[in-house]
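Quick note, the sequence shown lines up with residues -19 to -1, 1 to 262 if you use mature numbering (1 follows the signal peptide of the UniProt record, and there is no 0).
All C-beta atoms in this analysis are idealised placements derived from N, C-alpha and C, irrespective of residue type, glycine included.
Remember, it's a predicted structure, so these values are computed and weren't measured experimentally.
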Amino acid sequence: MKTAFLAIILLLFSVSVQAQSLHIADSKVEQGGILVIQIFPQWQGPMVCISALGKQYVPNKNGYTFVGVGVDIKPNKYPVLRVECGRGVQLDRGPEYVEVLKKEFQKTRTAGRDRSNRPRKGAERNAIDRAFSETNRLVYDLTDGISYVDSLGSRDLSDPFGLIYRNNKKLGHFGVDIRVPIGTSVMSTNRGKVVLVAKNFSKEGNMIIINHGLGIFSVYMHLSKIDVNEGDLVERGQIIGLSGETGARVREPHLHFNIKINGTYVDPLNFIDIVGQYLTR
Ligand SMILES: [Zn+2]
C-alpha cells in the first residue's frame, strides 16, 4: 500500500516535471548583465532549480530566476537547464543555451595611488564574508515577488558599474556610486533581512547588507547614519539610514550601492529595471 502510494507520488512528480518547460527571456546577454529564465507552470516549494553558469538558482513563486552574469565570464555559449534542487540531477533531456557577449565596460576613471597592498583587517573581511555566506542563502523569497526600487531618488552617477583602471591594471567596480548630499535618506531596495550593520569599516565606512532571499543581497556603503539593526526585517522603500562619505578613499559624498546574486555582482540599476518587468509593482 505504502509502495503504491509512493509510486503514485513519484509518477505525479515526474509527470509534472515533464510538463514543465523552461523559457529564456533573451538568449543573448552581455557580461555583467542579467539573464531572466522562467519555468512554468510553477508550483509552490523549491523542488526544481535552474542550473546556469555553474550555479543553481531557486525560482520565485512565479517561476522566475534572475541569473547574474559575471563581468569576467568568458564570452561563449552556456547550457541552462532544470535540475533537482540540491543534488542537481538533470530534469531536461537537453539544455537550452545562452550566449554571453563581450561588453566593453566604461573606463570609469583612473584610480589614485595603489593601496591594495594595505592589509585588510581580518575581522572586517570575516564579517562581510559571514553576511554573504552560504548559510544566508535563503531558498525562499523575502520579497514575495515584488519589484525592487531605487534606494535614492536620483541616479546621478559619479562612477558606473564596470572597471576602474589603475596603472593599466583592470579593477572591478562592482556597484554604482550615486552622487548625493550627506544626510540624504537611503531606502531599502526591497523587503529583506538586515544581515550586516558595519560601523566604520576601513573601506566601506558605515555599511548595511540586506538579504532579500533567493541568493539576492543589496549593499549600501559610506553612510553617515544607520537606522537598522542586524536581524531587522525591513520593507521595500523603508529608510535604513542616511548617506555620507565614511570610509577611506571616499573623495566626495556618495552612496555605493551593490546587488549581488548568488555570489555574482551585477549592475544594480540595470537589475532593478530588468527584473521589474517580471515582478509585481
Ligand atoms: Zn563605489
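Closest residue to residue i among the options (Cα-Cα distance)
i: Gly212; options: Ile189, His203, Phe21 and Gly228; result: Ile189
i: residue 264; options: Val209, Arg217, Lys206 and Lys180; result: Outside the shown range of the chain, which is -19 to 262, sits residue 264, and nothing can be said about it.
i: Gly75; options: Gly103, Ala6, Ser32 and Ile191; result: Ser32
i: Asn239; options: Pro60, Ser224 and Tyr201; result: Tyr201
i: Leu223; options: Ile255, Gly196 and Ile163; result: Ile163
i: Cys30; options: Asn243, Leu62 and Lys241; result: Leu62
i: Val17; options: Glu77, Lys150 and Lys206; result: Glu77
i: Ser169; options: Leu236, Phe182 and Thr116; result: Leu236
i: residue 264; options: Gly44, Lys9 and Ile207; result: Residue 264 lies beyond the residue range present for the chain, which begins at -19 and ends at 262; the question has no answer from this structure.
i: Leu119; options: Leu195, Asp73, Ile159 and Asn149; result: Leu195
i: Asn107; options: Lys151, Pro60, Gly69 and Phe182; result: Phe182
i: Met28; options: Val10, Ser2 and Glu65; result: Glu65
i: Ile191; options: Val215, Ser205 and Ile207; result: Val215
Residue(s) in a DSSP beta bridge with residue i
i: Asn43; result: Note: Asn43 sits in no beta bridge, so no partner.
i: Cys30; result: Val64
i: Glu80; result: Lys9 and Lys58
i: Thr245; result: Ile242
Closer than 6 Å: residue i CB and nearest ligand 1 heavy atom
i: Asp158; result: yes
i: His203; result: no
i: His4; result: no
Closer than 6 Å: residue i CB and nearest ligand 3 heavy atom
i: His193; result: No copy of ligand 3 occurs in the structure displayed; its ligands are ligand 1 alone.
C-beta contact flag for residue i and residue j at 7 Å
i: Ser132; j: Ile220; result: no
i: Val157; j: Pro234; result: no
i: Ile15; j: Phe47; result: yes
i: Gly126; j: Lys42; result: yes
i: Thr227; j: Asn171; result: no
i: Val52; j: Gly103; result: no
i: Ile253; j: Ile197; result: no
i: Val161; j: His203; result: no
i: Ala112; j: Lys184; result: no
i: Gly49; j: Thr245; result: yes
Tell me whether the region 45 to 62 and the region 70 to 88 touch, counting them as touching only if at least three CB pairs, one residue from each stretch, are closer than 8 Å.
yes
Counting beta carbon pairs with one atom in the region 173 to 183 and one in the region 135 to 147, are three or more of them shorter than 8 Å?
no
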